[in-house]
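**Q**
Number of protein chains: 2
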Amino acid sequence: MQEFTGDELSSRKAEFLKYIHMQGNVVKTTEIAAHFSVAPSTATKALGEIAKAGYIEHTPYHGVKMTTLGTDYARFLIRRHRIVALVLSRYGLEPDEACREAKKIEQCISRDLTNRMCMSLGHPMMSGCGEIEHDHCCCCPAGDRQG
Amino acid sequence: MQEFTGDELSSRKAEFLKYIHMQGNVVKTTEIAAHFSVAPSTATKALGEIAKAGYIEHTPYHGVKMTTLGTDYARFLIRRHRIVALVLSRYGLEPDEACREAKKIEQCISRDLTNRMCMSLGHPMMSGCGEIEHDHCCCCPAGDRQG
DNA sequence: CTAAATTTTAGACTCTTACCAAATCCGAAA
DNA sequence: TTTCGGATTTGGTAAGAGTCTAAAATTTAG
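Which chain is which? The protein sequence lines are A and B, in order.
Residue numbers for the first sequence follow numbering that gives the first Met the number 0, so the first one is 0 and each next one is one higher.
Residue numbers for the second sequence follow numbering that gives the first Met the number 0, so the first one is 0 and each next one is one higher.
The structure is reproduced here in C-alpha cells:
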C-alpha cells in the first residue's frame with residue numbers, strides 16, 4: 000500500500016477522483032462537469048492534472064479511467080470520508096448532515112489521524128455513508144474489527 | 000452576538016486575528032510578521048484587509064487594535080479551536096497533538112457545528128488548549144454546563 | 001460525408017498568500 | 001530642533017487553485 004498522506008491532491012481534485020472511482024469504468028468529461036456543475040473545460044483541466052499525477056488515465060476525447068494507484072487512493076479517500084462522517088454522527092448529526100459536513104472537513108484530516116480515529120472507534124464497519132473498508136488499513140488486525 | 004458563520008476571514012487572517020486578540024492592546028506589524036515568519040509587507044497587507052472587514056483598527060505606522068466585532072469574532076475562533084481540540088483528544092490525541100491538528104481542521108468547522116459539538120460534549124469548560132468560554136454561546140443555558 | 005455534439009485548447013480572471021524593493025514615516029539621539 | 005535609521009507601507013510581481021468564455025479540434029450520428 001502506498002504511503003498516502005491525504006494531501007496528494009487538492010480537495011477539489013480528490014472529489015473528482017472519488018466520483019470517477021465510484022462510477023467505475025470510463026467516465027466522460029461532460030458527466031463530471033455536469034455532476035460538479037462546472038464548465039467542461041474546467042473538468043478537462045482538472046482531469047489533466049489528476050492524470051499527470053498518475054491517479055487516472057486520460058484518453059483525450061474518450062474519457063478517464065482509474066489507475067491502480069488512483070484506485071488505492073480513492074479507497075483511502077472514501078474510507079476517510081466515512082470515518083469522518085461517523086465521527087460527526089457521534090455529535091448528533093443526522094447521516095446526511097454528517098456526510099455534508101464531512102465533505103468540508105475531510106481534506107484537512109491526515110491519513111494518520113484517519114487511522115487513529117478508526118482505531119479509537121474500534122474499526123467500525125459502517126458509517127452513514129456506507130461500508131468502511133479495512134483491507135489496506137495499517138492499523139487493523141482482523142481480530143480487532145467490530146462486528 | 001453577531002451571526003458569525005466561521006467563514007468571514009480566510010484561515011490565515013483568522014490566525015492573525017487570534018494572535019492579535021491574545022496579545023491584548025496594540026500590536027505592531029513587525030511583531031506579527033515575526034510571529035508568523037512572514038515579511039512585514041505581507042503582514043501589512045493582511046492587516047489592512049482584516050481592518051477593512053472591521054475586525055481590527057489599523058493606525059498606519061502605529062499598529063493594530065481589536066474592535067468590538069473583532070473581539071467577539073476572536074473569542075468565537077478560540078472557542079472553536081478549543082472545542083475541536085477537545086474532540087480530537089477524545090480519539091486518543093495528546094493535548095499538543097490535538098492542538099496542532101485542530102489548527103489544520105478548525106477553519107472548516109462552521110459555527111453551527113461548533114455549537115453542536117459543544118452541546119454534545121455537555122458544554123465543557125476546558126480543553127487541552129485552555130478554558131472554553133460560553134458567555135455568548137447560543138446553545139448554552141447556564142444549567143447545562145459541565146462542572 | 002457532413003453537420004451536430006463533445007472535448008480540448010487558449011487566454012483571462014479572481015482569490016489567497018507571499019515576496020522584494022522603494023518610498024514613507026516616526027522617534028530618538030545629538 | 002534637525003537628522004539618521006529602523007519600522008512600516010506601497011506598489012509591483014509571482015505562484016497555485018479554480019473558474020469561465022470562445023474558438024479549435026475531434027468524434028459520432030444521420
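Glycine residues also receive a C-beta, built at the ideal position from the N, C-alpha and C atoms.
Small disclaimer: the values here were computed from a predicted structure and weren't measured.
(1) Can you tell which of A:10, A:2 and A:55 has the C-alpha that lies nearest to the C-alpha of residue 102 of chain A?
(2) Note down, in chain order, all residues in the stretch 92-103 of chain A with a beta-carbon under 8 Å from any beta-carbon belonging to chain B.
(3) If contact means a Cβ-Cβ distance below 9 Å, which residues of the stretch 120-131 of chain A contact chain B?
(4) By DSSP's criteria, residue 116 of chain B is part of a beta bridge. Which residues make up the other side?
(5) Measuring CA to CA, which of B:66, B:82, B:54 and B:44 is closest to residue 119 of chain B?
(6) Mind checking residue 65 of chain A: buried by the 16 CB within 10 Å criterion, or exposed?
(7) Note the first and the last residue of the continuous alpha helix (DSSP H) segment covering residue 12 of chain A.
(8) Measure the alpha-carbon distance for residue 32 of chain A versus residue 73 of chain A and round it to whole angstroms.
(9) Excluding sequence positions up to five away, which residues of its chain have a Cβ less than 8 Å from the Cβ of residue 47 of chain A?
(10) Classify residue 7 of chain B as buried or exposed, calling it buried when 16 or more other Cβ atoms lie within 10 Å of its own Cβ.
(11) Can you tell me whether DSSP reads residue 40 of chain B as helix, strand or coil?
(12) What is the DSSP secondary structure of residue 25 of chain A, reduced to helix, strand or coil?
(13) Just confirm the distance between the C-beta atoms of residue 84 of chain B and residue 127 of chain B, as a whole number of angstroms; I'd bet it's less than 8 Å.
(14) Could you tell me which whole alpha helix (DSSP H) segments of length 4 or greater appear in the stretch 82-136 of chain A?
(15) Using a Cβ-Cβ cut-off of 8 Å (strictly less than) and excluding sequence neighbours within five positions of residue 132 of chain B, which residues of its own chain qualify?
(16) What separation, rounded to the nearest whole angstrom, lies between the Cα atoms of residue 142 of chain A and residue 129 of chain A?
**A** Well, looking at it:
(1) In the first sequence, residue 102 of chain A corresponds to position 103, counting from 1. With respect to the C-alpha of residue 102 of chain A, the residue from A:10, A:2 and A:55 having the closest C-alpha is A:10.
(2) Going along the stretch 92-103 of chain A in chain order, one finds 92, 100 and 103 with a Cβ nearer than 8 Å to chain B.
(3) 120
(4) Within the second sequence, the letter at position 117 stands for residue 116 of chain B. In DSSP, residue 116 of chain B forms no bridge with anything.
(5) What you label residue 119 of chain B is simply residue 120 of the second sequence in a count that begins at 1. When each option's Cα is compared against that of residue 119 of chain B, the closest is B:82.
(6) Counting from one through the first sequence, the residue named residue 65 of chain A turns up at place 66. So residue 65 of chain A counts as buried.
(7) Position 13 of the first sequence, counting from 1, holds the residue named residue 12 of chain A. Where residue 12 of chain A is concerned, the enclosing alpha helix (DSSP H) stretches over 10-22.
(8) As a position in the first sequence, residue 32 of chain A is number 33, starting the count at 1. As a position in the first sequence, residue 73 of chain A is number 74, starting the count at 1. Each residue's alpha carbon lies about 19 Å from the other.
(9) Numbered from 1 along the first sequence, position 48 holds the residue referred to as residue 47 of chain A. Taken in chain order, the residues that qualify are 57.
(10) Taking the second sequence and counting its residues from 1, one reaches residue 7 of chain B at position 8. Buried: at least 16 other Cβ atoms inside 10 Å.
(11) Taking the first residue of the second sequence as position 1, residue 40 of chain B is located at position 41. Note: residue 40 of chain B maps to helix in three-state DSSP.
(12) As a position in the first sequence, residue 25 of chain A is number 26, starting the count at 1. Note: residue 25 of chain A maps to coil in three-state DSSP.
(13) Start at 1 with the first residue of the second sequence, and residue 84 of chain B comes out as number 85. Start at 1 with the first residue of the second sequence, and residue 127 of chain B comes out as number 128. For a cut-off of 8 Å, the C-beta gap from residue 84 of chain B to residue 127 of chain B is around 6 Å, short enough to register as a contact.
(14) 94-104 and 110-119
(15) For this step, residue 132 of chain B is matched to residue 133 along the second sequence. Result list for residue 132 of chain B: 74, 77 and 78, in chain order.
(16) Translated into positions along the first sequence, residue 142 of chain A becomes position 143. Translated into positions along the first sequence, residue 129 of chain A becomes position 130. Summary for residue 142 of chain A: the model assigns pLDDT 41, below 50, so the residue's position carries little reliability, and this model does not support an answer.
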